[in-house]
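Take any residue in the sequence shown, count from 1 to its spot, add 16: that is its number in my numbering. Where a beta carbon is used, it is the ideal one built from N, C-alpha and C, also for glycine.
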Amino acid sequence: MKPIPRQTLSYLRNLFAERNIRPKNKLGQNFLIDLNLLDLLLRTAELTREDLALEVGSGTGSLTARLAEEAGAVVSLEIDSDFFALAGEAVAGRDNVRLLHADILKNKNELNP
Numbered sequence: 017m018k019p020i021p022r023q024t025l026s027y028l029r030n031l032f033a034e035r036n037i038r039p040k041n042k043l044g045q046n047f048l049i050d051l052n053l054l055d056l057l058l059r060t061a062e063l064t065r066e067d068l069a070l071e072v073g074s075g076t077g078s079l080t081a082r083l084a085e086e087a088g089a090v091v092s093l094e095i096d097s098d099f100f101a102l103a104g105e106a107v108a109g110r111d112n113v114r115l116l117h118a119d120i121l122k123n124k125n126e127l128n129p
């Protein structure tokens, strides 16, 4: 399993430049770079190995990988092909993660609560 990188602004800029990736404003792509906020999110969620975490927009997979450490299972959806690939690399070897390359809003009226 690949270690989870510390996702700083400079790390993201370098990663995006290396991969020739440009975040798309129309998709509302934002990236969590405050590690304190990331830790707070995970603590507040109080996930256990019995929980299923659903993430909409896996982005680089940084949060996805952290969710996988806490939850029993993680389902993460990503619409953008470039970020879907990045997330796949970030969670490689984590058997409790299922990544879906999908648009969650495309058929939102068909979702069954």
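Item, Value
"Can you tell me where the alpha helix (DSSP H) holding L93 begins and where it ends?", "Where L93 is concerned, there is no enclosing alpha helix (DSSP H), although the beta strand (DSSP E) it sits in stretches over 89 to 94."
"Hey, quick one: how far does the alpha helix (DSSP H) through E85 stretch, first residue to last?", "78 to 86"
"Tell me which same chain residues have a C-beta within less than 6 Å of the C-beta of L31, skipping the five on either side of it?", "none"
"From the DSSP output, in three-state form, read off A108 for me.", "coil"
"Report buried or exposed for A118, applying the criterion of at least 16 other Cβ atoms within 10 angstroms of its Cβ.", "exposed"
"On the DSSP bridge assignment, give the partners of A69 in chain order.", "V90"
"Bridge partners for R35 per DSSP, in chain order?", "Looking at the DSSP assignment, R35 forms no beta bridge with any residue, so it has no partner."
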